[in-house]
Amino acid sequence: MELALVLPIFGIVLFALFEFTLLFYARADVVEASRIGARLATLPGVTQENVEQEVKKILPPQLGQGAVVQADMGEKPGDIVMVAVSIPMTFASPNLLWPIGYDIKGQNLYSETRMIKE
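Mapped onto the UniProt record's numbering, the consecutive letters of the sequence shown carry residue numbers 1 to 118.
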């Protein structure tokens, strides 16, 4: 009797642990990709296409295919450059918790980094 009550709760906890572990790992990749993209964007002579290629190269293949990269390139030294990376959560993790109301469809992992152009 107790097993019938505890087993579904234990399963939900395991699914949550698995899903959130994958999401936290993917978030770290997104943050690192935006930082590297911003570092590259601070250098003179770098184009927005160069930044986008570098960001997608840094990301793992399953995340890179859904990545949206926005870069605001400064024109002269001292300007602020911004690189933003957004990835749908469904590319990072399976949607395991939808039966209990936590749905990751339509949600994104997002990171934005700002630096000063050299």
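We put the CB at the ideal spot given by N, CA and C, even for glycine. A quick note: this is a predicted structure, and the numbers were derived from the prediction, not measured.
field: For Asp79, the residue or residues it bridges with in DSSP
entry: By one-based count along the sequence shown, residue 79 stands at place 79. Paired residues: none, contrary to the question.
Environment of Met1 [buried if 16+ CB atoms lie within 10 Å]: Numbered from 1 along the sequence shown, position 1 holds the residue referred to as residue 1. By the 10 Å Cβ count, Met1 comes out exposed.
task: Can you give me the Cβ contacts of Met73 inside the same chain, cut-off strictly under 7 angstroms, excluding the 5 residues immediately before and after it?
output: To locate residue 73, count along the sequence shown from 1; it is residue 73. Closer than 7 angstroms at Cβ, skipping near neighbours: Ala41, Gln48 and Val81.
- request: Could you tell me whether the region 13 to 20 touches the region 94 to 111, where touching means 3 or more Cβ pairs closer than 8 angstroms?
  value: yes
message: Just list the residues that DSSP pairs Leu109 with in beta bridges.
response: Counting from 1 along the sequence shown, the entry for residue 109 is found at position 109. DSSP lists Ile87 as partners of Leu109.
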